[in-house]
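Residue numbers (the working numbering): 468 to 764.
Remarks on the structure that follows.
See below:
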């Protein structure tokens, strides 16, 4: 593929690694973030720091946003990108936001002659740095075809989920399942322990039985069991419980909007809310096993 000028807005834990991979691939990446430290890291990674989102967008063929919430995406699109982007510019929002906002910004962009995809990610900070993310993409077939080559340079899997908003829908459904599964995995290990089962023995059995899940075999919440996970590092790094709570809230909002029944998702949200309230927001989400075991965060 030809090298492109790319505006990248949002250089946090995820965005910083993603922008670095685009620069490593040879693109001219104009990077913006409110954090001077993030801009300095982006410069070291081969990006050109700029002073505003509008400057990042001006003259860029592709613009990537990686922002905290829907209100930030809507604000940046409305106040910066719509005015600075030439017709035909591809806008790729990789943030995890609510489905309603994703659809609204896509419609507003289309009215201005811009092409959009919502492309939230799965994989975490390490995958962002390594370029092994999974992208779930919402948008037209034409938009996906344009976005896929760029997304592939930041990830290992790029999947077209459907029309605008479908990428966000896939992400929040996936993470609702992950949140509920992790809680159940933690409960099972704690019950097994109280029943006198050795944790490794229970893992050996359940990991090859019908109770097997990613939360057990790839992200075990107990240290010293299975592959290395944040549990082996004091539940530091990985995917923060506060971010899981954010995604669960998005899922419950979408469920309410679409009249879907999600009792397990609602229970998982309540448990992660309690964990966050107790000081666990910055802890890896598997660390909720401590709360379920009666420990302080």
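Built from N, CA and C at the ideal position, the CB exists for glycine as well.
None of the values given here were measured: they were computed from a predicted structure.
The beta carbon of residue 540 sits closer than 7 Å to the beta carbons of 532, 534, 560, 562, 564, 568 and 572 from its chain, once the five residues preceding and following it are set aside; these are given in chain order.
Separation of residue 675 and residue 681 (C-alpha to C-alpha, rounded to the nearest whole angstrom) is 12 Å. When DSSP states are grouped into helix, strand and coil, residue 672 belongs to the helix group. If the five residues before and after residue 483 are omitted, its C-beta is found closer than 7 Å to the C-beta atoms of 505, 508 and 509, all from its own chain and listed in chain order.
Residue pairing by DSSP places residue 627 opposite 604 in a beta bridge. When the alpha-carbon of residue 590 is set against those of 518, 720 and 602, the nearest one is in 602. Counting only residues of its own chain and dropping the five nearest sequence neighbours on each side, residue 584 has a CB closer than 6 Å to the CB of 559, 604, 606, 610 and 614. Between residue 688 and residue 656, the gap from beta carbon to beta carbon is short of 8 Å. Under the three-state reduction of DSSP output, residue 474 falls in the strand class. In this structure, residue 639 places its C-beta atom within 8 Å of the C-beta atom of residue 717. If you look at residue 558, you'll find it in the beta strand (DSSP E) that goes 557-560. DSSP assignment within the stretch 523-558 yields the following whole alpha helix (DSSP H) runs of 4 residues or more, N-terminal first: 537-543. With distances taken between CA atoms, residue 471 lies nearest to 556 out of 637, 556 and 631. For residue 751, the beta-bridge partners assigned by DSSP are 707. Using a Cβ distance threshold of 8 Å, residue 733 and residue 646 do not count as a contacting pair. If you look at residue 698, you'll find it isn't in any beta strand (DSSP E); DSSP assigns it neither H nor E. Comparing C-alpha distances from residue 635 to each of 522, 587, 538 and 581 shows the shortest one belongs to 587.
Per DSSP, residue 504 lies in no beta strand (DSSP E) segment; the continuous alpha helix (DSSP H) that holds it begins and ends at 503-511. Contact annotation: residue 547 and residue 519 have beta-carbon atoms nearer than 8 Å. Taken atom to atom, the span from the alpha-carbon of residue 597 to that of residue 729 is near 34 Å.
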